[in-house]
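*Asks:* Shown below is the structure under consideration.
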Amino acid sequence: MMPVWMAKARWLVLRGSKTPILAVYRQVSTFVMEETPMRVMLLGPDTIVRATGEKYMIITSSRILRNDTWTLAFASSGQRKRMYELVCLWIELSMLLQNLTRLESISKSHSSVVYRCCDRLDSSRVYAMKRVNRLRCGNEIEVTERIVSVESLQPYIARYVFMFEDSKDNTATIVMKYYNGGSLADRIRQIGPLSETIVRNVTASLCLALFLLHQHDVLHLDVKAGNILFDTESPRSFQNLKLVDFGSSAFLSDTQERGKLSGTYGCMAPERFDGRHGPEADVYGAGVVLFHMVVGEIPFEGNDSYQIMARNMQGDVSFGSSRWHRVSPQLRQLAMRMLEKDPDRRITLPEILRLPWLFQPHSKHELLEMPCGPSADDVMLLQSAPLLGFFA
Numbered sequence: 007m008m009p010v011w012m013a014k015a016r017w018l019v020l021r022g023s024k025t026p027i028l029a030v031y032r033q034v035s036t037f038v039m040e041e042t043p044m045r046v047m048l049l050g051p052d053t054i055v056r057a058t059g060e061k062y063m064i065i066t067s068s069r070i071l072r073n074d075t076w077t078l079a080f081a082s083s084g085q086r087k088r089m090y091e092l093v094c095l096w097i098e099l100s101m102l103l104q105n106l107t108r109l110e111s112i113s114k115s116h117s118s119v120v121y122r123c124c125d126r127l128d129s130s131r132v133y134a135m136k137r138v139n140r141l142r143c144g145n146e147i148e149v150t151e152r153i154v155s156v157e158s159l160q161p162y163i164a165r166y167v168f169m170f171e172d173s174k175d176n177t178a179t180i181v182m183k184y185y186n187g188g189s190l191a192d193r194i195r196q197i198g199p200l201s202e203t204i205v206r207n208v209t210a211s212l213c214l215a216l217f218l219l220h221q222h223d224v225l226h227l228d229v230k231a232g233n234i235l236f237d238t239e240s241p242r243s244f245q246n247l248k249l250v251d252f253g254s255s256a257f258l259s260d261t262q263e264r265g266k267l268s269g270t271y272g273c274m275a276p277e278r279f280d281g282r283h284g285p286e287a288d289v290y291g292a293g294v295v296l297f298h299m300v301v302g303e304i305p306f307e308g309n310d311s312y313q314i315m316a317r318n319m320q321g322d323v324s325f326g327s328s329r330w331h332r333v334s335p336q337l338r339q340l341a342m343r344m345l346e347k348d349p350d351r352r353i354t355l356p357e358i359l360r361l362p363w364l365f366q367p368h369s370k371h372e373l374l375e376m377p378c379g380p381s382a383d384d385v386m387l388l389q390s391a392p393l394l395g396f397f398a
């Protein structure tokens, strides 16, 4: 959408990304403006924006006319404040986009493509830029707007730099920090099945992240090892996990979303194939991640996507691998309860996060490879989870 504000008897319109254009239009009638702008100003690094008084803003730019200066009067101080912040952000965004160089495509789906980019003026500044088809992306943009505003979620999600939409081609662009540590799936491919210490801590952090998402009305619905990133390059470091890719996400309160199938075959809760989703589906996805970490592969393998989908729909998980004999009975039991086929009998996130053994102290030799799990404050919060009331 194109942001539009009223400035006295004129329309003030801001458009463009790499080359922001500020235009003033005459008002024809209420909510109607002339087709041709009265004045146009190009914004850029030389633009000076000043707020003065309660309702005035002064903008100076020399990109068309030397020292072209506009004085704008707004209906309220709140309107002026909003426009001032937006113009400054828009200029910052344009400078970022002008300096970004695409290096390579790192992932692609039916609705989006993600590029690794760097700042051509500073190659140490690396970003992931996701281009999303607005007609195919479901709730991803709305969900992203929701989660970036929740402070408690920030340790568990990617750091977003900018997000903007292009109304001409129905796309949205999300610029976020690039995490060079790769994904949990990458780590498992590199070093194989993980130790119980790592499995417990990653599971605890992942479940806490999902719990907080659910508290804010968001279901991820594509929980898998490939969507868990780390910001450290060492393959044996599992600190600071980041849950990414909200392309399949939904709002828990949106009943109209039920029945839509999206996600990854082999990692989905069986009830998803029947058009049902809820917090239980994310628990199942976390269970698949737990299984993947212990065994080194997901529970539903196959020669092709159809075979994987069929086995996933059936939902029969085998715990016959010898790897399950090398972990504690508690961890094996937790995996079985998380991968319970019946969502009504599946363990819940508050129940998982109240398991005392999940947070038990570690021996000295384990501390060398221990990932950063939930803090003591997080655990105290979860002990009082009934006060939050969401799962009551």
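Numbering (my numbering), first residue to last: 7 to 398.
Don't be surprised by glycine CBs; every beta carbon is placed ideally from N, CA and C.
Quick caveat: nothing in here was measured; it's all calculated off a predicted structure.
Considering only their Cβ atoms, is the gap separating V205 from L337 smaller than 8 Å?
*Replies:* The residue you call residue 337 lines up with position 331 of the sequence shown. The residue you call residue 205 lines up with position 199 of the sequence shown. Taking 8 Å as the Cβ cut-off, L337 and V205 qualify as a contacting pair.
*Asks:* Cβ atoms of L219 and H226: under 8 Å apart, would you say?
*Replies:* Along the sequence shown, read from residue 1 onward, the residue named residue 226 stands at position 220. Along the sequence shown, read from residue 1 onward, the residue named residue 219 stands at position 213. Yes, Cβ-Cβ distance for H226 and L219 is below 8 Å.
*Asks:* Quick one: residues in its chain with C-beta nearer than 6 Å to the C-beta of P26, no 5 flanking neighbours on either side, listed in chain order?
*Replies:* Your numbering for residue 26 matches position 20 in the sequence shown. Answer for P26: L49, W96, S100, listed in chain order.
*Asks:* DSSP three-state label for C143, please.
*Replies:* As a first step, residue 143 is located in the sequence shown; it is residue number 137 there, counting from the start. Looking at C143 - three-state DSSP - the assignment turns out to be coil, as it is neither helix nor strand.
*Asks:* At a cut of 8 Å, does the stretch 187-200 reach the stretch 297-305 through at least three beta carbon pairs?
*Replies:* A contact exists between the stretch 187-200 and the stretch 297-305.
*Asks:* In terms of residue numbering, what span does the beta strand (DSSP E) encompassing S118 cover?
*Replies:* On the sequence shown, residue 118 is found 112 positions in, with the first residue counted as 1. Taken as a continuous stretch (DSSP letters only), the beta strand (DSSP E) holding S118 covers 118-125.
*Asks:* If you check the beta carbons only, do V289 and L247 fall under 8 Å apart?
*Replies:* To locate residue 289, count along the sequence shown from 1; it is residue 283. To locate residue 247, count along the sequence shown from 1; it is residue 241. Cβ atoms of V289 and L247: not closer than 8 Å.
*Asks:* Around the Cβ of G187, are there at least 16 other Cβ atoms within 10 angstroms (buried) or fewer (exposed)?
*Replies:* Position 181 of the sequence shown, counted from the first residue, corresponds to residue 187. The residue is buried, with at least 16 neighbouring Cβ atoms inside 10 Å.
*Asks:* Threshold first: 3 residues or longer. Then list the beta strand (DSSP E) segments lying entirely within the stretch 41-117, N to C.
*Replies:* For the stretch 41-117, whole beta strand (DSSP E) runs of length 3 or above, ordered along the chain, are 45-48, 54-58, 62-67, 74-79, 106-114.
*Asks:* Hey, A29 and P51: beta-carbon distance below 8 Å or not?
*Replies:* The residue you call residue 29 lines up with position 23 of the sequence shown. The residue you call residue 51 lines up with position 45 of the sequence shown. Not in contact: A29 and P51 (Cβ atoms no closer than 8 Å).
*Asks:* Could you have a look at L258 and say whether DSSP puts it in helix, strand or coil?
*Replies:* Position 252 of the sequence shown, counted from the first residue, corresponds to residue 258. Correct three-state label for L258: coil.
*Asks:* Our contact map puts P305 next to L345 with C-beta atoms below 8 Å; I'd like the distance itself, whole angstroms only.
*Replies:* The residue given as residue 305 occupies position 299 in the sequence shown. The residue given as residue 345 occupies position 339 in the sequence shown. With a Cβ gap of about 7 Å, P305 and L345 count as contacting.
*Asks:* On the three-pair Cβ rule with 8 Å, is the stretch 53-61 touching the stretch 139-152?
*Replies:* Contact fails: fewer than three Cβ-Cβ distances are below 8 Å.
*Asks:* Taking the alpha carbon of T77 as the reference point, which residue from E98, N105, L249, M47 has its own alpha carbon closest?
*Replies:* The count along the sequence shown starts at 1 and reaches residue 77 at position 71. The residue with the shortest Cα to Cα distance from T77 is M47.
*Asks:* With DSSP run on the structure shown, which of helix, strand or coil describes S328?
*Replies:* Counting from one through the sequence shown, the residue named residue 328 turns up at place 322. Three-state DSSP puts S328 in a helix.
*Asks:* Assuming C94 and L106 make a contact with CB atoms under 8 Å, what is their CB distance in whole Å?
*Replies:* Translated into the one-based positions of the sequence shown, residue 94 becomes position 88. Translated into the one-based positions of the sequence shown, residue 106 becomes position 100. Not a contact, Cβ separation roughly 19 Å.
*Asks:* What residue from R282, L340, D348 has the CA that sits closest to L364's CA?
*Replies:* As a working mapping, residue 364 is identified with position 358 in the sequence shown. Minimum Cα distance to L364 is reached at L340.
*Asks:* As a quick exercise: from P241, Y90, A287, pick the residue whose alpha carbon is nearest that of R352.
*Replies:* Within the sequence shown, numbered from 1, the residue matching residue 352 stands at position 346. Per the Cα distances, A287.
*Asks:* Name the DSSP bridge partner or partners of L225?
*Replies:* Taking the first residue of the sequence shown as 1, we reach residue 225 at position 219. Paired residue(s): A256.
*Asks:* Give the secondary structure of S334 by DSSP, where H, G and I count as helix, E and B as strand, and everything else as coil.
*Replies:* Start at 1 with the first residue of the sequence shown, and residue 334 comes out as number 328. Reduced to three states, the DSSP call for S334 is coil.
*Asks:* So, are the CB atoms of Y133 and K183 less than 8 Å apart?
*Replies:* The sequence position of residue 133 within the sequence shown is 127, counting from 1. The sequence position of residue 183 within the sequence shown is 177, counting from 1. Yes, these two residues count as a Cβ contact at 8 Å.
*Asks:* In angstroms, rounded to a whole number, what distance separates the CA positions of R152 and I163?
*Replies:* Taking the first residue of the sequence shown as 1, we reach residue 152 at position 146. Taking the first residue of the sequence shown as 1, we reach residue 163 at position 157. In a straight line, the C-alpha of R152 is about 12 Å away from that of I163.
*Asks:* To the nearest angstrom, how far is it from the Cα of R69 to the Cα of V19?
*Replies:* To locate residue 69, count along the sequence shown from 1; it is residue 63. To locate residue 19, count along the sequence shown from 1; it is residue 13. Cα to Cα, R69 sits roughly 18 Å from V19.
*Asks:* Assuming V120 contacts S113 (C-beta within less than 8 Å), just tell me the rounded distance between them.
*Replies:* What you label residue 120 is simply residue 114 of the sequence shown in a count that begins at 1. What you label residue 113 is simply residue 107 of the sequence shown in a count that begins at 1. Yes, they are in contact, since the Cβ atoms of V120 and S113 sit about 5 Å apart, within 8 Å.
*Asks:* Helix or strand or just coil, what does DSSP make of V289?
*Replies:* The residue labelled residue 289 in the question sits at position 283 within the sequence shown. Three-state result, V289: helix.
*Asks:* Check this for me: beta carbons of S255 and V149, under 8 Å apart or not?
*Replies:* Position 249 of the sequence shown holds residue 255. Position 143 of the sequence shown holds residue 149. Yes.
*Asks:* I need the DSSP call for Q33, collapsed to helix, strand or coil.
*Replies:* Here residue 33 refers to the residue found at position 27 of the sequence shown. Strand, per DSSP.
*Asks:* Just confirm the distance between the C-beta atoms of I147 and A191, as a whole number of angstroms; I'd bet it's less than 8 Å.
*Replies:* Position 141 of the sequence shown holds residue 147. Position 185 of the sequence shown holds residue 191. 25 Å between Cβ atoms; not a contact.
*Asks:* Start and end of the alpha helix (DSSP H) containing I358?
*Replies:* Counting from one through the sequence shown, the residue named residue 358 turns up at place 352. It spans 355-358 - the alpha helix (DSSP H) in which I358 sits, taken as one unbroken run.
*Asks:* Taking F257 and D223 to be in contact with their CB atoms under 8 Å, please state how far apart those CB atoms are, rounded to whole angstroms.
*Replies:* Numbered from 1 along the sequence shown, position 251 holds the residue referred to as residue 257. Numbered from 1 along the sequence shown, position 217 holds the residue referred to as residue 223. Between D223 and F257 the Cβ distance is about 5 Å, and since that is below 8 Å, they are a contact.
*Asks:* What three-state label does DSSP hand R137 in the structure shown?
*Replies:* Within the sequence shown, numbered from 1, the residue matching residue 137 stands at position 131. Here R137 sits in strand by DSSP.
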